[in-house]
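Numbering-wise (our numbering), the sequence shown opens with residue 487 and increments by one.
Notes to accompany the following structure.
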Amino acid sequence: MRKATSCNFSLNAGFWNFRSKRHIFIYLAMVYVLVLIFYLALAITGTFSFSHIFDVYSLNFLHSKTDTLHELLVNNFLALFPVFTLSSNYPIVACTLINNLTVQVDLISELFFSDTKMQVLGSSAMGFNPHYLLKLYTRKGNDPACLLEDRPDSDPEIVVVDTISKIGQWRHYAIALVVIASATLIAFCTDNVLMLTSITGSYPGVGVQYIIPSIIAIYGRRFSTLNIGAEVPRAVRSPFSSSLWPIAMLIWSAFIVLMVILESCHAFTYLP
Numbered sequence: 487m488r489k490a491t492s493c494n495f496s497l498n499a500g501f502w503n504f505r506s507k508r509h510i511f512i513y514l515a516m517v518y519v520l521v522l523i524f525y526l527a528l529a530i531t532g533t534f535s536f537s538h539i540f541d542v543y544s545l546n547f548l549h550s551k552t553d554t555l556h557e558l559l560v561n562n563f564l565a566l567f568p569v570f571t572l573s574s575n576y577p578i579v580a581c582t583l584i585n586n587l588t589v590q591v592d593l594i595s596e597l598f599f600s601d602t603k604m605q606v607l608g609s610s611a612m613g614f615n616p617h618y619l620l621k622l623y624t625r626k627g628n629d630p631a632c633l634l635e636d637r638p639d640s641d642p643e644i645v646v647v648d649t650i651s652k653i654g655q656w657r658h659y660a661i662a663l664v665v666i667a668s669a670t671l672i673a674f675c676t677d678n679v680l681m682l683t684s685i686t687g688s689y690p691g692v693g694v695q696y697i698i699p700s701i702i703a704i705y706g707r708r709f710s711t712l713n714i715g716a717e718v719p720r721a722v723r724s725p726f727s728s729s730l731w732p733i734a735m736l737i738w739s740a741f742i743v744l745m746v747i748l749e750s751c752h753a754f755t756y757l758p
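Below you can see the structure in the form of structure tokens.
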């Protein structure tokens with residue numbers, strides 16, 4: 487269910503087609519019930535089909551006994567199915583990660599650099615395109631490269647020239663190289679998919695899916711109450727509008743991280 491609920495952003499595209507949003511929560515509940523039925527069917531059939539179930543479900547098909555070529559092809563296809571889906575989604579995920587890292591660099595630059603340096607970097611955090619930089623040039627005679635501030639006594643024609651920011655370009659390429667190189671190095675260093683999914687799902691995954699949304703909900707509601715004051719209409723109000731839900735999610739996140747740490751330290755192996 488974690489992977490199903492982590493992809494809930496894909497549900498938004500389906501809701502735009504609804505002419506009336508009156509029963510949207512009923513439709514949403516139906517979608518999650520279908521997902522739950524699918525995963526229950528997958529878990530029950532796997533329990534009766536395999537003597538030992540791997541945590542990564544697709545690995546079970548690589549270790550199952552096959553008698554015919556047809557079964558061998560089907561098992562290998564099912565085992566490689568996550569590879570196909572992740573490979574097709576990798577360009578989208580990589581572009582998202584590159585953009586997120588670019589925004590982080592912009593925010594850090596905004597904190598430690600002045601406005602002039604931010605303009606030289608061509609940062610998007612200050613409202614500038616990361617690949618382009620607007621420079622004011624003057625043109626008098628055949629000398630278009632003379633800056634306006636260097637010629638205060640003249641009255642030249644001001645031309646706004648949109649030139650490519652070399653620093654912004656190299657920064658974009660460097661971030662893309664870091665994203666691609668890090669994934670490649672991890673693939674060369676280990677093939678333990680269970681370990682990788684445990685780390686990425688338990689620590690960054692908990693932060694992205696539970697901690698950050700809960701904090702945004704707490705402070706967003708506080709900001710909305712102080713500055714807007716109007717309550718959300720009951721017809722479109724979330725069933726999780728209570729202030730206890732974000733707190734419960736933070737407590738649940740701490741419990742999950744604690745259990746993963748104890749499991750990583752093999753703390754449960756010493757229990758009777």
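Where is the CB? At the ideal position from N, CA and C, for every residue including glycine.
- As the crow flies, the alpha-carbon of M516 is around 15 angstroms from that of L526.
- Here N546 carries a helix assignment [DSSP, helix/strand/coil].
- Pairing V692 with V743 gives a Cβ-Cβ distance under 8 angstroms.
- 8 angstroms or more divides the Cβ of S688 from the Cβ of L736.
- A Cβ-Cβ contact shorter than 8 angstroms links I584 with I661.
- The residue among Y543, A740, S537 with its C-alpha nearest the C-alpha of L566 is Y543.
- Under the Cβ criterion (8 angstroms, minimum of three pairs), the stretch 704 to 720 does not count as touching the stretch 676 to 684.
- Take F540, set aside five residues on each side of it, and the residues of its chain with a beta-carbon closer than 6 angstroms to its own are N546, in chain order.
- In the three-state DSSP reduction, I737 falls in the helix class (H, G or I).
- In the structure shown, G691 adopts helical secondary structure according to DSSP, grouped into three states.
- Around L587, the same chain offers I661 as residues with beta carbons nearer than 6 angstroms, after the five sequence neighbours per side are excluded.
- For S729, the closest C-alpha among the options N575, F534, L555, I702 is that of I702.
- Within the same chain, and ignoring the five residues on either side of L671 in sequence, no residue has its Cβ closer than 7 angstroms to its Cβ.
- Counted as a single uninterrupted DSSP element, the stretch harbouring N678 is not any alpha helix (DSSP H), since DSSP gives it neither H nor E.
- Residue range 555 to 598 is occupied by the alpha helix (DSSP H) that includes C581.
- Around the beta carbon of H658, 16 or more other beta carbons lie within 10 angstroms, which makes this residue buried.
- Counting along the chain, R723 sits inside no alpha helix (DSSP H), nor does DSSP assign it H or E at all.
- Taking 8 angstroms as the cut-off, the beta carbon of V521 is found no closer than this to the beta carbon of A580.
- S550 and I714 have their C-alpha atoms some 60 angstroms from each other.
- Restricting attention to F726, I578, S739, the CA atom closest to the CA of F511 is found in F726.
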